[in-house]
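Right, one structure below, let's go through it.
Number of protein chains: 2
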Amino acid sequence: MDREKRSDVPLGRRMPQATTRIVVADRNVITRVGLRSILERSTGFAVIAEATSYDAVIDAVDEHGPDVLIIDLDLGDDTTRGLKIVEEVTDRYPATKVLVLANTLSEMIVVEALRRGANGYLCKDDVKADELGKGVKAIQDGETVLGKGVGNLVAHSLGSTRQTEHLTDREVDVIKHVAKGLSNKQIAAAMFISESTIKFHLQNASRKLNAHRRAEIVHRAAAAGLL
Amino acid sequence: MDREKRSDVPLGRRMPQATTRIVVADRNVITRVGLRSILERSTGFAVIAEATSYDAVIDAVDEHGPDVLIIDLDLGDDTTRGLKIVEEVTDRYPATKVLVLANTLSEMIVVEALRRGANGYLCKDDVKADELGKGVKAIQDGETVLGKGVGNLVAHSLGSTRQTEHLTDREVDVIKHVAKGLSNKQIAAAMFISESTIKFHLQNASRKLNAHRRAEIVHRAAAAGLL
DNA sequence: TAACGACCTAGCCAAATGGCTAGGTAGCAG
DNA sequence: CTGCTACCTAGCCATTTGGCTAGGTCGTTA
């Protein structure tokens, strides 16, 4: 629907054939080279830029206005930042489709990414070589591409009454300390707040993560790439 | 020293130039393609086989007797199996060098891998494109290649009086239940053993992982890829 | 056979945790 | 101004936990 808006965006040079112009964002060289190799093996795809940091992604998208952004959300020590980028890109460039390529599968991350406008979510370890090209094509046709296992996760999330709530900064801070094996008292001392407050944050985090023990909180937060 | 033994092993076809024959083991297609692409970009390297499972690695090494095996230890749900493979390969084929290419950095895994004969340990996210070829060459020259950060980890491990002990199967089982947020009583019921035994295993795991709280145990075990 | 590692069990006690209710402030958006 | 969110604090009480000592069996290996 927004396809005609395409011409308003700076285009770089346009291919005579309909070539899909792709930006790849991943901190890992091997993955970047692999993606480029797999995609450019079949005609119709061109990786026009690579990015290895959150800022670089924004720069690359601003500069090239690609058809598709393939991104690993974990580009630094703060996965939340990756989610914000999905939101920003889909918001500012509706013609640019976003395909998330994750290392691990976490319900929270998947749901958040899709909620913020991601057009696809694939898991690196599960994806087959030919699925990449197909996926990119499908996304361009307006489909939403969900990799093996991802679909179930989404269905599960929709089925449950509980909606995915995201943790506040403070809650994540506390959880990081818990993961280091500190007691509430020690965490309180480290964060210069009361022990009661630590318990308060952990209670809230428990509810949001649907966990009942601090060990489970740590596990779920770690699985979500929050630590 | 064992280089003359080389000719006893079935060779496939031998290159006129001294080409390094490499087997790549990784469950991830993108990584496999990326590695092949990076390595074969410079002359002198040939990826002669790829493996995606533990069994396939053994088969490939048996069949090709490569100069170098580049392997991600996490080829299934049991990283320990990867360690055993390192041991088996370096044991049975002294002429085959093993370069571990890991996703994450865990002291326990690094130390165990080196102890079992790995000739190098690089971290995917840290490695630069040109470091791969250099690393393989260095390993062939008999050097031990440790990626950024890996060296510190090893030094730390050597410096500490405590030697890295590995967790038993039972301990890992218990930790998995802890990660799910179960109490000792619940775990005991699930595993059909006494609550005392659960505490016993957790005490031992605490000592081995140098943790003092179950949340920390879960975190460290997860970081080591044990869950 | 003896030693060893992995496994299993019991009981004690101080400390930590989980689950709850019941307050407070500051900042920001409608 | 009102509502909302994030943030902070207090107290209570049952349950869980960590840390300890002190036993046991079974199978493998020296």
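As you go down the protein sequences, you meet chains D and B in turn.
Each residue of the first sequence is one higher than the one before, starting from 1457 at the first, in my numbering.
Each residue of the second sequence is one higher than the one before, starting from 1457 at the first, in my numbering.
Virtual Cβ for every residue (Gly too), placed ideally from N, Cα, C.
Residue i: CB within 7 Å of a non-hydrogen atom of the ligand SAM
i: B/V1542; result: In the structure shown, the ligand SAM is absent, as is every other ligand, since no ligand is present at all.
Top-ranked residue by Cα proximity to residue i, from the options
i: D/A1558; options: D/R1483, D/L1623, D/R1477 and D/E1496; result: D/R1483
i: D/T1535; options: D/K1584, D/S1509 and D/T1552; result: D/S1509
i: B/F1656; options: B/L1539, B/N1640, B/E1568 and B/F1501; result: B/N1640
i: B/S1662; options: B/I1673, B/T1653 and B/L1638; result: B/I1673
i: D/I1541; options: D/A1516, D/E1563, D/S1562 and D/T1560; result: D/A1516
i: D/A1671; options: D/K1593, D/G1637, D/A1646 and D/A1481; result: D/G1637
i: B/G1603; options: B/D1629, B/R1572, B/E1627 and B/V1566; result: B/V1566
i: D/K1632; options: D/A1679, D/A1474, D/G1591 and D/M1564; result: D/A1679
i: D/S1562; options: D/I1504, D/R1572, D/L1609 and D/I1595; result: D/L1609
i: B/V1583; options: B/V1634, B/M1564, B/R1477 and B/T1560; result: B/T1560
i: D/N1660; options: D/T1476, D/Y1549 and D/D1625; result: D/D1625
i: B/G1417; options: B/V1503, B/G1532, B/Y1549 and B/A1502; result: Nothing about residue 1417 of chain B can be reported from this structure: the residues present for chain B run from 1457 to 1683 only.
i: D/E1496; options: D/A1635, D/K1590 and D/I1595; result: D/K1590
Residues that DSSP places opposite residue i in a beta bridge
i: D/Y1577; result: D/V1556 and D/L1602
i: D/R1669; result: Paired residues: none, contrary to the question.
i: B/T1476; result: B/F1501
i: D/E1544; result: BP columns for D/E1544 are empty, so no partner.
i: B/V1524; result: B/I1478 and B/K1553
i: B/A1450; result: Because chain B here runs from 1457 to 1683, residue 1450 of chain B falls outside it and cannot be looked at.
Cβ of residue i within 8 Å of any chain D Cβ
i: B/E1672; result: yes
i: B/T1487; result: yes
i: B/V1610; result: no
i: B/K1655; result: no
i: B/K1636; result: yes
i: B/A1685; result: Chain B is shown only over 1457 to 1683; residue 1685 of chain B falls outside these bounds and no answer can be derived.
Cβ of residue i within 8 Å of any chain B Cβ
i: D/G1490; result: yes
i: D/S1650; result: no
i: D/G1538; result: no
i: D/I1478; result: no
i: D/T1535; result: no
i: D/N1575; result: no
i: D/K1584; result: yes
i: D/R1618; result: Residue confidence is low: D/R1618 scores 48 on pLDDT, short of 50, so the model does not pin down where it sits. Its coordinate-derived value is still stated next. D/R1618 does not count as touching chain B.
i: D/S1493; result: yes
i: D/R1669; result: yes
i: D/A1502; result: no
Residue environment, residue i, which counts as buried when at least 16 other CB atoms sit within 10 Å
i: B/G1681; result: buried
i: B/K1664; result: buried
i: D/K1580; result: buried
i: D/D1523; result: buried
i: D/S1650; result: exposed
i: B/H1675; result: buried
i: B/D1547; result: exposed
i: B/D1530; result: buried
i: D/A1677; result: buried
i: D/E1506; result: buried
i: D/H1612; result: exposed
i: D/T1499; result: exposed
i: B/A1644; result: buried
i: D/A1569; result: buried
i: B/F1501; result: buried
Nearest-angstrom Cβ-Cβ length linking residue i and residue j, presumed shorter than 8 Å
i: B/I1527; j: B/V1556; result: 6 Å
i: B/V1554; j: B/A1585; result: That pair is no contact at about 21 Å.
i: B/I1486; j: D/T1487; result: 5 Å
i: D/G1598; j: B/V1489; result: Between B/V1489 and D/G1598 the Cβ distance is about 28 Å, and since that is not below 8 Å, they are no contact.
i: D/I1654; j: D/V1630; result: 6 Å
i: B/Y1577; j: B/V1606; result: 5 Å
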